[in-house]
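Okay, structure first, notes after.
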Amino acid sequence: MIDLNHLDTIASHLTDLVPPALYQSRLELQAVFKDVLQAWLAKLDLVTREEFDIQRAILLNTREKLETLQQTLVLLEERMTNQTTN
Numbered sequence: 033m034i035d036l037n038h039l040d041t042i043a044s045h046l047t048d049l050v051p052p053a054l055y056q057s058r059l060e061l062q063a064v065f066k067d068v069l070q071a072w073l074a075k076l077d078l079v080t081r082e083e084f085d086i087q088r089a090i091l092l093n094t095r096e097k098l099e100t101l102q103q104t105l106v107l108l109e110e111r112m113t114n115q116t117t118n
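In structure tokens:
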């Protein structure tokens, strides 16, 4: 999950970019920036680090099994080739 403190910091930095004439609305702008950032991040469909690590482990396990199956297939094909030539 995204740390809301980071959103506050980003919103604050964005507010700092606003021209001095609009500083009167600084808190309002900062709240708007934060709301926009939260809405944008919600649409990204991000995964947590834990979910990512789980999927990575599953992928590595699947890759190992696939490599084992490929080696087994090569051995079986060699046996079949040897049997048909003998």
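Residue numbers for the sequence shown follow our numbering, so the first one is 33 and each next one is one higher.
Heads up, the beta-carbon is just placed ideally off N, CA and C, and yes, glycines get one too.
Other residues of its chain near residue i: CB distance less than 6 Å, five sequence neighbours each side excluded
i, result
"Lys66", "Leu39 and Ala43"
Cβ-Cβ separation, residue j to residue i (assumed contact under 8 Å), whole Å
i, j, result
"Leu69", "Leu61", "Not quite, the Cβ-Cβ distance comes to about 12 Å (not below 8 Å), so this is no contact."
Alpha-carbon spacing of residue i relative to residue j, whole angstroms
i, j, result
"Asn114", "Lys97", "26 Å"
"Leu78", "Glu109", "44 Å"
"Val106", "Glu99", "11 Å"
"Asn93", "Gln87", "10 Å"
"Pro51", "Arg81", "38 Å"
"Arg111", "Ala71", "60 Å"
"Leu76", "Thr116", "56 Å"
Contacts around residue i, its chain only, beta-carbon distance under 8 Å, and the 5 residues preceding and following it disregarded
i, result
"Asp85", "none"
Residue i vs residue j beta-carbon contact at 9 Å
i, j, result
"Thr41", "Arg58", "no"
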